[in-house]
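Under this note's numbering, the sequence shown has 211 at position 209, and the numbering climbs by one with no breaks.
The C-beta atom is built at its ideal place from N, Cα and C for all residues, glycine as well.
The structure presented is a predicted model; accordingly, all values stated were derived computationally and were not measured.
Encoded as structure tokens, the structure appears first; notes follow it.
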Amino acid sequence: MIYLCEKLQIDYPIIQGGMGNISNAQLAAAVSEAGGLGTIGCGTMTPEEVENIILETKQRTKKNFAVNIAMGVSPYVDKMIDLVIKHKVPIVSLSAGNPAPYIPRLHSQNVIVLAVVASVKHAQKAEAAGADVVVAEGFEAAGINSNLELTTFALIPQIVKHVKTPVVAAGGIGDGKGLAAALLLGASGVQIGTRLIATKEAPFHDKYKQNLVEASDTETLIIGRSVERLRRVLKTPYALKLKEFDKAGMSLEQYGELTSEIQHVRGAIEGDMDNGFLNSGQIAGLIEDIPSVKELLDSMMEEGGNRLEKLTEEFGRGIKRKSL
């Protein structure tokens with residue numbers, strides 16, 4: 003944990019996940035200001051759009067933040083890396099593809115590279131390619147998911163066992179107990195996304211936030227199985243319609259058109275539940291309020307620390323009792 007915080011120059015081992023085309027400077031800066039690592043997700047946005055967000059984020063915070071480039075999603079990967087170097091963004095998160103071709107250039111400019119992976123094999127390849135941090139994302143996570151469907155609780159200890167690079171746990175984490183659990187599994191920190199949607203600074207539609215607050219533990223579903231392009235979303239009228247299309251069978255092209263960032267923005271920003279979707283992880287069932295980002299991160303650290311301290315005390319008593 004300490005190494006991760008020192009490496010990224012952050013106070014808390016909490017990283018914001020990339021959020022595609024609904025990424026914004028307001029939330030990214032709030033996360034960094036609160037002690038975590040704010041992140042700008044490029045999604046399918048143009049270099050000009052991302053550059054504007056980078057510049058605004060720099061105005062809002064002097065602390066470190068990252069840019070997430072989903073390599074299999076963005077049509078502008080090389081140009082995004084140009085932007086990162088141009089504006090001296092200190093950290094890049096590479097996801098949805100092979101990071102190896104891009105790491106040498108980023109390292110040549112002293113950019114720290116986080117690689118998002120979904121299996122031990124992927125983690126080992128990312129480490130061999132030079133990734134500074136491995137973000138291991140379980141199937142509980144929101145949005146685009148791995149077809150491997152490995153869950154966070156099973157994935158983290160296996161990756162920790164097979165790589166020396168610091169590991170960050172992602173998927174199904176949204177409170178201090180989740181942070182403590184990830185650390186106990188061997189992770190150096192956590193990445194969260196869904197929980198940050200339901201915060202005061204997040205400039206998303208109130209319907210999005212309210213749906214998360216009201217969500218039960220079974221309120222998300224997976225779409226895209228028929229075309230092997232999995233995405234976890236909240237149950238909304240549009241998502242249920244997509245689920246039916248999925249069951250009936252559709253082409254990859256049709257699926258891409260129905261789940262583009264256009265529909266993402268319609269749901270998350272415009273609140274159109276009939277024509278847009280809402281990404282959400284399974285952690286939605288734990289969300290009960292809408293705090294500020296600072297309140298959320300502070301509470302996660304306090305709750306996580308208290309939980310670890312209590313467990314250490316109880317574990318110690320158990321060992322002592324057994325030895326008597």
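Separation of residue j from residue i, as counted between CA atoms
i	j	result
P168	L6	7 Å
K60	K88	13 Å
E35	S190	20 Å
D13	E305	16 Å
A241	E316	44 Å
V229	I56	34 Å
A128	I194	21 Å
E58	P92	16 Å
A117	F155	19 Å
L150	S121	8 Å
A68	N54	14 Å
I285	L29	19 Å
P205	I271	8 Å
S97	E311	34 Å
T220	P106	42 Å
G251	L181	39 Å
K202	D300	15 Å
K90	L298	28 Å
A192	A138	In the sequence on display, residue 192 carries Val and not Ala. Near 9 Å, if we compare the C-alpha coordinates of A138 and V192.
A171	G226	24 Å
V136	S253	33 Å
R62	G38	15 Å
A184	E259	36 Å
Q209	L236	The amino acid occupying residue 209 in the given sequence is Lys; Gln does not appear at that position. Approximately 12 Å, taken between the alpha carbons.
K211	R319	42 Å
V94	A217	32 Å
G99	S76	11 Å
L261	E255	At residue 261 the sequence reads Thr, which differs from the Leu that was named. Spanning the two alpha carbons is a distance of roughly 10 Å.
P239	E51	30 Å
Y104	I83	8 Å
I4	M275	42 Å
G198	A27	Per the sequence shown, residue 198 should be read as Leu rather than Gly. C-alpha separation (whole angstroms): 13 Å.
According to DSSP, residues forming a beta bridge with residue i
i	result
N70	G43 and S95
L157	Note: L157 sits in no beta bridge, so no partner.
G191	V170
Q18	I194
Residues near residue i by beta carbon distance below 6 Å, same chain, minus five either side
i	result
G45	G22, N23 and E263
D134	I114 and V115
Y78	P49
Q11	N66
V33	Q18, G40 and V295
M47	N23
I224	L232 and R234
Q265	G278 and F279
L157	A138 and G140
K123	none
N213	L236
Same chain, Cβ closer than 8 Å to residue i, neighbours up to 5 away in sequence not counted
i	result
H109	V115 and G132
V267	N23, I24 and G278
V215	A200, I289, E290, D291 and I292
G166	Per the sequence shown, the amino acid found at residue 166 is Lys instead of Gly. Within the same chain, K166 has close Cβ partners E129.
K81	P49
G188	I158, P159, V162, K163 and V169
P101	M73, V115, A117, A128, A131 and A133
S148	A120, S121, E139, F141 and L232
Residue-chain proximity (residue i, chain C), Cβ-Cβ < 8 Å
i	result
G174	Of the protein chains in the structure, only one exists, and it is not chain C.
Neighbourhood of residue i by C-beta, 7 Å cutoff - its chain only, sequence neighbours within 5 removed
i	result
H207	A270, I271, E272 and G273
M302	I16, D177, G178 and L181
Q111	I87
L85	P49, V52, E53 and I56
G20	T41, G43, N70, A72, S95 and S97
E8	none
What residue ranges within the region 197-235 form continuous beta strand (DSSP E) runs of no fewer than 3 residues, ordered along the chain? 222-225
Could you name each continuous alpha helix (DSSP H) segment of 4 residues or more that falls completely within the region 243-311, going from the start of the chain to the end? 254-260 and 263-270
Within 8 Å, do at least three Cβ pairs link the region 238-257 to the region 161-178? In short, these stretches do not touch, since the Cβ pair count stays below three.
Taking contact to mean 3 or more Cβ pairs, one atom from each stretch, closer than 8 Å, check whether the region 64-77 and the region 286-300 are in contact. Too few Cβ pairs lie closer than 8 Å, so no.
For the region 79-158, which segments carrying the alpha helix (DSSP H) assignment without a break, of at least 4 residues, lie completely within its bounds, in sequence order? 79-88, 105-110 and 122-131
Taking contact to mean at least 3 C-beta pairs separated by less than 8 Å, is the region 135-154 in contact with the region 273-289? yes
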